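Chemist:
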Amino acid sequence: MIISQILNNNVAIVKKGSNQQTRGNEVIVYSKGVSFKHKVGDSIEEKEIQKTYVLDSHDKLEHFSYLLSNTKDEYLQIVTKTIEYGEKVIQKSVSDYLYLALLDHIDFAMKRLKKGQIVKSPLDWEVRKFYPDHYQIGLYAVDLMKQASGEECPNEEAVSIALHFINLQNQGDEADNMMKMMEAVRNILSIVKYHYKLDFKEDCLNYIRLVTHLQYFIVRMYKDEAHTSNETELNRQIRKLYPEAYSCVNKIRIYVRDTFEKELSEDEEAYLMLHIQRVTKREEEN
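Under the working numbering, the first residue of the sequence shown is numbered 561, with each subsequent residue one higher.
1) Taking the continuous alpha helix (DSSP H) assigned at T792, which residues delimit it?
2) What residue range is occupied by the uninterrupted alpha helix (DSSP H) comprising E686?
3) By Cβ distance below 7 Å, which residues in the same chain neighbour K689 in space, the five residues on each side in sequence not counted?
4) Quick one, are the C-beta atoms of A722 and H755 less than 7 Å apart?
5) Quick one, which of E644, K607, P714 and I768 has its alpha-carbon nearest K674's?
6) Taking L636 as the reference, which of K597, D759, A805 and M670 has the closest Cα?
7) Does chain C have any CB closer than 7 Å to the CB of Q651?
8) Whole angstroms is fine: what's the gap from Q565's alpha carbon to E608's?
9) Quick check: the stretch 802-819 against the stretch 745-762, are at least 3 beta-carbon pairs closer than 8 Å?
10) Entirely within the stretch 610-652 and at least 3 residues each: give me those beta strand (DSSP E) ranges in chain order.
11) Are V809 and M781 touching if we call contact CB-CB under 7 Å?
12) With distances taken between CB atoms, is the gap from V639 to Y613 smaller than 7 Å?
13) Could you check the C-alpha separation between D733 and F725 for me, to the nearest Å?
14) Is the Cβ-Cβ distance between S655 and L567 less than 7 Å?
15) Hey, would you say M741 sits closer than 7 Å to I768, going by beta carbons?
16) Assuming the contact rule is C-beta atoms closer than 8 Å, V649 and Q696 should be a hit. Round their C-beta distance to whole Å, please.
17) Please return the same chain residues whose Cβ sits closer than 8 Å to the Cβ of R838, not counting the five positions on each side in sequence.
18) Would you kindly work out how many angstroms separate the C-alpha atoms of D703 and I643, rounded to a whole number?
19) Work out the CA separation of V574 and D510 for me, nearest whole Å.
20) Quick check: the Cα distance between E622 and V600, rounded to an integer number of angstroms?
21) Just to confirm my understanding: we take D664, look at its own chain, exclude 5 residues before and 5 after, and list those with CB closer than 7 Å. What are they?
22) Report yes if the CB atom of L572 is closer than 7 Å to the CB atom of V587, and no otherwise.
23) Is the beta carbon of D684 sitting closer than 7 Å to the one on V719?
24) Just to confirm my understanding: we take L824, look at its own chain, exclude 5 residues before and 5 after, and list those with CB closer than 7 Å. What are they?
25) What residue does the alpha helix (DSSP H) around S595 start on, and which one ends it?
26) For E644, is the beta carbon positioned less than 6 Å from some heavy atom of the ligand NAD?
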């Protein structure tokens, strides 16, 4: 392999293969002290290379090259350690594109930290609750960022980092649907909260049950697999017993209709009323 460009002390672009004029065979390599040991045009042996980054387009390679040329090597070390840890947690190998995306994120986040700028993710609650393993990856990266910068790095940053790994496991339309489903759960919980004018204790068993029910409920909405039965009389009895819960569910019905263009079945309506009644009754008693 021939070195075509040295990006910093430890990173270079090399060309593979016999046709050294072809741009498509370029890769980025990490080799400790490469800038001291070699110059452009030199050959570099495989045994000297610690890590090779293969990107699927020249645009991505150029973007990654620019980042590596303009960020600190310790930021790349944060990315490398985070991805190594993340692969163990999710038990899946990642593409080299994640190195680019995460380095871009870390570089910008470190600049924000120095300015005292904290960005809270709108999906903070959902990621913590639905993707605890991915959130732990984010916390691991946050700890590395604290060590590198000497600055206090808020845990909110862990959510944004976790999302990189969540998206990795949910590509394309699936990732988009996942985000929409998390948002839908959050919106329905907000409807309940503002209808009853209550703040919920998130470690409460009835609250956890409600959240779990909503997760499966939203999945059923997406898959058009709503519960249906002939329990009309049971539904009527629940409406009479818990009129406030029924009023709240009517608001949820409008949200579901506007968001999913679907109607609540009587079964879904009954389950929601029961879960909402349980969690709100306990909160009101407290």
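Heads up, the beta-carbon is just placed ideally off N, CA and C, and yes, glycines get one too. This structure is a prediction, so every number in the text was calculated from the model and none was measured.
Modeler: Taking the geometry as given:
1) Counting along the chain, the unbroken alpha helix (DSSP H) around T792 starts and ends at T792 to L801.
2) That run of the alpha helix (DSSP H) goes D684 to F690.
3) Here the set comprises V771.
4) Between A722 and H755, the CB-CB gap reaches or exceeds 7 Å.
5) Checking every option, the nearest Cα to that of K674 belongs to P714.
6) It is M670.
7) Of the protein chains in this structure there is only one, and it is not chain C.
8) So the alpha carbons of these two residues sit roughly 16 Å apart.
9) With a cut-off of 8 Å on Cβ pairs, the stretch 745-762 is in contact with the stretch 802-819, counting three or more such pairs.
10) Complete beta strand (DSSP E) runs here, min 3: 611-613.
11) Taking 7 Å as the Cβ cut-off, V809 and M781 do not qualify as a contacting pair.
12) No, Cβ-Cβ distance for V639 and Y613 is not below 7 Å.
13) Residue confidence for D733 is low, a pLDDT of 49 falling below 50, so the modelled location carries little weight and cannot support an answer.
14) For S655 and L567, no; Cβs fall outside 7 Å.
15) Taking 7 Å as the Cβ cut-off, M741 and I768 do not qualify as a contacting pair.
16) Indeed, because the Cβ distance is near 7 Å, the residues count as touching under 8 Å.
17) The residues are N766, R769 and L770.
18) Cα to Cα, D703 sits roughly 14 Å from I643.
19) One cannot answer for residue 510 here, as it falls past the ends of the chain, which runs 561 to 846.
20) As the crow flies, the alpha-carbon of E622 is around 17 Å from that of V600.
21) So the list reads L627, once near-sequence residues are dropped.
22) For the sequence presented, residue 572 should be read as Ala rather than Leu. Contact: no.
23) Cβ distance < 7 Å, so D684 and V719 count as in contact.
24) The residues are R813 and V816.
25) Annotation: the continuous alpha helix (DSSP H) that includes S595 extends over V594 to K597.
26) By its list of ligands, the structure shown contains no ligand whatsoever, and the ligand NAD lies outside what it can speak to.
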